[in-house]
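Numbered as in our numbering, the sequence shown ends at 1021 without a single skipped number.
All remarks here apply to the structure that follows.
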Amino acid sequence: MRTHALFALLVSFVPSAIAVFADDAYHTDYHHPLVGIPQEHNTFFHRPQASSRASLLYTLSEKLILGAINPKDGAVVWRQFLNPSSNLTSSTEGFLRAGENENTVISAVGSQISAWDALDGRLAWRNEFADGVAKDLEVIEFEDGKAKKSGKDAVVLFEGDHAVVRRISGETGDVLWEHRDGSGGIPHQLSTSNSNIYLVSLSSAGRAGLKIKVTSLDPVSGRERNHYALSSEADVSTPQSILFVGANSASPIIAWSDKASKVLKVNVIGSKHISSIDIPNENGEDIKKIRVHAPHITRSLPHFLVHYQSETRNWAEVYHINLSTSTVSKAYSLPKLAGPGAFSTSTQDANVFFTRNTENELLLLSSTSHGVLARWETASAAAPQDGVAEKEHPLHGVSEVISRPDSSYAVRSALVSSAGDWNLVRNGKAVWKRTEALAGAVAAEWAELPELKDLARELEVEVHENILAAYIHRVKRHVRDLQHFPKWIEYLPTRILGALSGDEKIAESAKGFNRDSFGFRKLVIVATETGRLYALSVADQGQVIWNIKAADLKDGERWDVTGMYADNAEGLMIVQIGSGENIVVETTTGRVVSASLEGSDTGRKWFTGANEGDPVLLSSGLVPRKNITVIARGPNGEVRGKRYAGDGFATTAWEFAPSAGERIAELTVRPFHDPVASIGRVLGDRSVMYKYLNPNLLLITTVSDAKYSATLTLLDSVSGNILYTTTHHGVDTTRPIVSALSENWFIYSFWGDVVPSSDRSSPPAQSSKGYRLVTTTLYESPLPNDRGPLGPSKNFSSTSPPSTPPFIKSQAYLIPSALSALAITSTRQGITSRQIIAFLADTHAIIAIPKLLLNPSRPIDRDPTPAEAEEGLSRYQPLLEFDPKWIISHKRDVIGAQKIITSPALLESTSLVFAYGIDIFGTRVAPSMAFDILGKGFNRMQLIGTVVALGAGVAFLAPMTLCVAGKSEDYQLEMADFVKFPEFVFRSAVDS
């Protein structure tokens, strides 16, 4: 008996270690390493080594991810997440600079200044300052007494109680000098020239506006040389009014315009003279945007370009600066072109080039003359997806220009498009595209591919007709199906090849855009903070099927998506917006079916969480016949249960409000698909602990920032009755607190510190520090074979629950890493054992933890009994080490996963996993091993060859067997006659 128990215990741990076949790694999973939408002022081409001829593309994105991209194929060379703890807000500015011919790049984010190896991304040095956050960063290009041969120094502007300018050693990161500005002005930006460092700040001029103040600093000592103010108060009201502050050029400038966008004003830094330039606008169009493009190399020509953009056209003008008089003169104008466009600046030696990118062409221009050096036609944007009227256009970009010996030029431009894509165009040809807008994913939902419904509808019609009409209908259907016969024959070899080789991609490519036999082909609809919707095919390595612009947002506005629901029967995805808007799109095409505002009578609508007395907004024909309860957030952060009746009006059934000083951190409900295979857990002695199964469970996590506490409350979402509550102290509420709920159990994770007991004679109430993972299971009764108060009841209702709460078992574990996202695997019938899918924020990995290890019934301070061992229980260990075999992301570096969703496949053994946030990662796992499908290691050809060989052998030996059988039959007849003959003689002799 003990041997069987030990064997059962060992077998129970096998699936956790080999939940993914070795030959499935990097085949059934996919990863999109993203950096986010690049920022124009933090993106550039740079040679990682002075001796290298090839350059990399560097960027610091809006997500504060520093990355180096290979311009040849768009692959990530290296990445660094500069906000791993998410303690920086979305408004935190970041800066990235690189000195010419330097092998390091320098970043400034928040209070940290860091230098990174440009080739491999390793940290060279880091310095942190507590008296402010970085406002600007520049690399000193000129040589002086403080310059180091091993690295060019950087000058950083910090904003705090005072504006502070620091010069940082490019070799060690130490502070060489600092200058504190006591004028009380608003620090705006730094600028450098061949001999000076300038601090540009803004000072209030009363109600009139802001004056621009320029302070000149000695680059060697940091002492102030002089300062002056510009009369800009009539035009500059906010820091955003300043269009451009140049740096690292022979003659840097400050540019701004009047409020009517009729006059452009330019000041050459170092002089008090302001040049006023009339903005060319003969048609009187409203100018939406003005951008100034200037080189950032001190030895380059003092030329710059001003780009104007209206609603329908864009144009530009090139200006030259006279270094002796500090005056600005117009060199030439560029023609007006229809639609939007983008300009970028590049330099080669002292020459300055401007690259103009439009929807249809790429132009290369010199800053010295208006002649076009090179022109290429570019491929037009992809056609709209089934009526989704959208045309991509470039927003901004950077370019690299190389002059050839034959006086021709090669240009490659890295452009950010209006669709959130990052494209590289080389000499007019698109080389690669990165969907960087997916790095801002805020919500996602699974969507089934459409079934072949035509046959089902046709059969349904035939069932309801008489025999003759049904027969005629079937003949017509067969005749219509003949049109698909040539295509079926065409893909027949592909199907056979896929079946023989076991390659799913080959086998499923012939089926078109429909479901497969195993349920692996699904879509994930992803909503991003930029107002876009994406459809990703999980069976095609997460390939983007379509993407549309679903919302028009202002600059800096974030799309507030409160929920997504897939109507697989109709092939629709309903996206709920916090403003009350509901957008419905077709899952396979992205075509917008309707978009209606809350309270409108047109369009398809879904739950909106209306106020009491307001009608619930439901899609046509879906008003419930019985009462339903919808969970909604109140205006003050409370949670309400809204009960909707068949008349479509809502009443408040219950309300949960956090205590004073607390806030709701997270709401967790049971998954929509959460089947229960067994209503009880069988113990080793064959008794049963009955699970507390309630489909209406809601877990609310509230935190108190002042008391460093977290309270978890489990309640019935229909009645609002509290089933269980627990409070943890010493919780770091700034770190993620995540939870997941399934069947009759839930888990959650947080960071806990040591909390001493109020009574010194008693042991500490919480004696360990670290990340915790707590698991809790609910049963109907603490006694086996007892249903508790529900035992004698035939029915159960959440509106009249029993007075006795469920029995609770709970255990906590110390874990080695923070968990920023939690999910539970989901299978079709719920028979397969569960796994907890979690994202390890510290190690950038996704892990699958076996649920069996988190069973709160594990014995404490003793070994399991034979009966407990038969249940698969092991001795409780407070420290839960993560086995490397549990990591389902393998060696991939997954950054910033915020949510994980799972979905069942048609195979009971398999669950699909999708993680999103910054990176996109997807895979499929088999917690109890893939017991219902053959792995790639199975040799199908060998099996077929064996069967064919056996068949050939049987066919070859069949004639011989028949021949031998015939001879054997004749021999048996002869022997039978021989045996009968003496018997006849003997009987005849006896008779005679």
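We put the CB at the ideal spot given by N, CA and C, even for glycine.
The structure displayed is predicted, hence computed values, not measured ones.
DSSP three-state assignment for residue i, whether helix, strand or coil
i	result
Met970	helix
Ser270	helix
Ile135	strand
Gly189	strand
Gly925	coil
Gly469	helix
Thr990	helix
Phe73	strand
Gln109	strand
Ala539	Bear in mind that a pLDDT of 46 at Ala539, under 50, signals an unreliable position, so the number given afterwards is only what the model happens to contain. In the structure shown, Ala539 sits in coil (DSSP, three-state: anything other than H, G, I, E or B).
Thr523	helix
Gln512	helix
Leu239	strand
Pro845	coil
Ile501	helix
Ile574	strand
Asp569	helix
Gly982	helix
Glu474	strand
Gly16	For the chain, the structure presents residues 30 to 1021; residue 16 sits outside this window and is missing.
His507	helix
Leu166	strand
Leu93	coil
Contact under 9 Å by Cβ, residue i with residue j
i	j	result
Ile142	Phe158	yes
Ile94	Gly139	no
Glu429	Phe124	no
His208	Gly238	no
Glu691	Thr754	no
Pro704	Ile853	no
Asp948	His56	no
Val381	Ser329	yes
Val243	Tyr227	yes
Thr658	Tyr673	yes
Pro956	Thr861	yes
Gly150	Val106	yes
Phe950	Ala926	yes
Leu402	Val335	no
Leu219	Asp287	no
Thr397	Ala360	yes
Contact set for residue i: own chain, Cβ-Cβ below 8 Å, skip 5 residues either direction
i	result
Ala176	Residue confidence is low: Ala176 scores 47 on pLDDT, short of 50, so the model does not pin down where it sits. Its coordinate-derived value is still stated next. Excluding sequence neighbours, Ala176 sits near Ile169, Asp182.
His254	It is Arg, not His, that sits at residue 254 in the sequence shown. Cβ within range, chain order: Asn225, Ser245, Leu246, Asp247.
Leu572	The sequence given here places Gln at residue 572; Leu does not occur at that position. Correct list, in chain order: Leu565, Ser566.
Neighbourhood of residue i by C-beta distance below 6 Å, restricted to the same chain and skipping five residues each side
i	result
Gly607	Asp589, Thr591
Ser358	His349
Asp160	Gly189
Gly202	Trp154, Asn156
His758	Ser738, Val784
Ser290	Ile316
Thr464	Asp450, Val573
Arg953	Thr57, Thr939, Leu941
Own chain partners of residue i with C-beta closer than 7 Å, once the 5 adjacent residues on each side are dropped
i	result
Trp475	Lys551, Val553, Ala595, Ile930, Ser932
Ile776	Ser768, Ala769, Leu802, Val803, Thr804, Leu851, Ile865, Leu883
The segment 492-506 / the segment 573-588 touching (three or more Cβ pairs under 8 Å): no
Would you call the segment 845-855 and the segment 868-875 in contact, with 3 or more CB pairs under 8 Å? Short answer: they touch.
Start-end ranges of the beta strand (DSSP E) lying completely within the segment 266-340, minimum 3 residues: 271-274, 282-286, 292-297, 303-307, 316-322, 332-339
Determine, using beta-carbon pairs with one atom in the segment 437-448 and one in the segment 888-907, whether at least three such pairs fall under 8 Å. no
Is the segment 910-922 in contact with the segment 751-766, if contact means three or more CB pairs nearer than 8 Å? no
So within the segment 887-955, which uninterrupted beta strand (DSSP E) runs reach at least 3 residues, ignoring any that extend past its ends? 928-933, 940-945, 949-954
Do the segment 857-864 and the segment 932-942 meet, that is, are 3 or more Cβ pairs less than 8 Å apart? yes
Would the segment 257-273 and the segment 293-310 be scored as touching if the rule is three or more Cβ pairs under 8 Å? yes
Does the count of Cβ pairs from the segment 955-970 and the segment 486-498 closer than 8 Å reach three? no
Taking the runs of the beta strand (DSSP E) that are 3 residues or longer, which of them lie wholly in the segment 654-735? 657-662, 668-673, 679-685, 692-698, 709-711, 717-719, 726-733
Going along the chain, which unbroken runs of the alpha helix (DSSP H) with 4 or more residues stay wholly within the segment 342-403? Taking only runs of at least 4 residues, no alpha helix (DSSP H) segment lies wholly in the segment 342-403.
Count the C-beta pairs between the segment 390-404 and the segment 337-344 that are closer than 8 Å, then say yes if the count reaches three, no if not. no
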